[in-house]
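Student: Here you go, one structure.
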Amino acid sequence: MHTAPFDSSNLMEKTVIFLDFDGVICDSLNECLVSSWIAYYRYYKKNEPAYIDMNLRKSFLRYRPFITHGEDYVLIQKLINEKIIIRNNEEFDLERKKIGIEIMALFKDLFYRARDYLISEDFNYWLNLNRIFPFLYKPFYRASRKSNIHILSTKREKYIRATLEYHGIRMNPEQIHYSSGKEKLKIISRFLDNDSYSRAIFIDDQIDNLKDNRDGRIEPLLALWGFIDRSWLSEYPSVGRLDEKGLIELLEIA
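End of the sequence shown sits at 254 in the working numbering; the numbers just go up one at a time, nothing left out.
As structure tokens, this is what we get:
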């Protein structure tokens, strides 16, 4: 099991740690479920069901590992509604391609429209749908003040800051990065090119963001507590793994 990859204090001084937000720091499953439901039924289909299927959350959770961007949550709602069975990342990516760039772009707009609606209608309700993973709260609270702890997420910065501040965590805005559809590994490579850090650790719960690393300065690690597909462990043995204990140790020595 992967624990803290670097145990040398001198090396850690030159190492920046990038953490994904949703699925690594924050358990936002409920918020993404609610926002995508509103986006799909109210704004896209313009026809809200009279009731919500009791199995919706279970089905949503099953497809959650295949998410890479916000619009994918709306695609999940479509797949569930149309009873399309998805078994792996490849099948999910195929469904995304079938729908096309224009509809996926629309899904993105509608997803953020729904999220903003929830925030404007009941900000505290929206905040309560997002929780910091309990095991991580205290370690991350302490580590968030360190300059080499960064967040790299497909979630926009304003939502991340609002969630963190609700939980009493304040970070320098320069340490929160919105990927905006760009490949996360390339963002980290450019960061290293233009900063004093010589190494980076990147922790994410989506294998597509980790598996194609070609930059020897970056160590990608799969967050085992996140929303992952367990088949990734055998399919991508070269990608490092990090468990809860390993993350806590890493944040302590950072």
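The beta carbon of each residue, even a glycine, is placed where N, CA and C say it ideally should be.
Would you call Ala-105 buried or exposed, if buried means 16 or more other Cβ atoms sit within 10 Å of its Cβ?
Tutor: exposed
Student: Measuring straight from C-alpha to C-alpha, what distance separates Asn-148 and Glu-174?
Tutor: 11 Å
Student: I need the boundaries of the beta strand (DSSP E) containing Thr-15, first residue and last residue.
Tutor: 15–19
Student: Please list the terminal residues of the continuous beta strand (DSSP E) segment that includes Pro-237.
Tutor: For Pro-237, no beta strand (DSSP E) encloses it, and the DSSP letter there is neither H nor E.
Student: Is the beta carbon of Ile-151 closer than 8 Å to that of Ile-132?
Tutor: no
Student: Would you please state the rounded distance, in angstroms, between the beta carbons of Phe-66 and Phe-92? I believe it to be under 8 Å.
Tutor: Contact flag correct, Cβ pair sits at about 4 Å.
Student: My assumption, with CB atoms under 8 Å, is that Leu-222 sits in contact with Trp-232. Please give the rounded CB distance.
Tutor: 7 Å
Student: With Leu-75 and Ile-203 assumed to form a contact (beta carbons below 8 Å), what rounded beta-carbon distance in angstroms separates them?
Tutor: A Cβ-Cβ separation of about 25 Å leaves Leu-75 out of contact with Ile-203 under the 8 Å criterion.
Student: Rounded to whole angstroms, what is the Cα-Cα separation between Tyr-73 and Glu-165?
Tutor: 25 Å
Student: Does Ile-218 come out as helix, strand or coil in the three-state DSSP assignment?
Tutor: strand
Student: For Ser-59, which residues of its own chain have a beta-carbon under 7 Å away from its beta-carbon, when the five flanking residues on both sides are left out?
Tutor: Excluding residues within five positions, the ones whose Cβ falls inside 7 Å are Ile-80.
Student: Go through the stretch 129–194 residue by residue and report every complete run of the beta strand (DSSP E) that reaches 3 residues or more, in order.
Tutor: 149–153 and 176–178
Student: Could you check if Glu-31 is buried or exposed, using at least 16 other CB atoms within 10 Å of its CB as the buried criterion?
Tutor: So Glu-31 ends up on the buried side.
Student: Let's see if you can read the secondary structure: which residues bound the alpha helix (DSSP H) around Ile-203?
Tutor: Note, Ile-203: premise wrong, no alpha helix (DSSP H); beta strand (DSSP E) at 199–204.
Student: So which of Asp-195, Ser-234 and Arg-156 has the shortest CA-CA distance to His-69?
Tutor: Arg-156
Student: Apart from the five residues just before and just after Ala-143, which ones in its own chain have a Cβ nearer than 7 Å to its Cβ?
Tutor: Ile-149, Leu-251 and Ala-254
Student: Let me know if Phe-111 comes out buried or exposed under the rule of 16 or more other beta-carbons within 10 Å of its beta-carbon.
Tutor: Counting Cβ neighbours within 10 Å, Phe-111 comes out buried, since at least 16 surround it.
Student: For Pro-49, which option in Asn-55, Trp-37 and Arg-57 has the closest C-alpha, if you only look at C-alpha atoms?
Tutor: Trp-37
Student: Following the continuous alpha helix (DSSP H) through Arg-57, name the residue where it begins and the one where it ends.
Tutor: For Arg-57, the uninterrupted alpha helix (DSSP H) run begins and ends at 56–63, by DSSP.
Student: Which residue wins for smallest C-alpha separation from Leu-210, given the options Ser-196, Ser-189, Asp-193 and Met-171?
Tutor: Ser-189
Student: Is the beta carbon of Asp-205 closer than 8 Å to that of Val-24?
Tutor: yes
Student: What does the Cβ neighbour count give for Glu-90, buried or exposed, with the cut at 16 atoms within 10 Å?
Tutor: Per the 10 Å Cβ criterion, exposed.
Student: Can you tell which of Ser-196, Ile-101, Gln-77 and Arg-214 has its C-alpha closest to the C-alpha of Met-12?
Tutor: Ser-196
Student: Should Leu-94 be labelled buried (16 or more other beta-carbon atoms within 10 Å of its own) or exposed?
Tutor: exposed
Student: Identify the continuous alpha helix (DSSP H) that holds Arg-113 and give its terminal residues.
Tutor: 101–121
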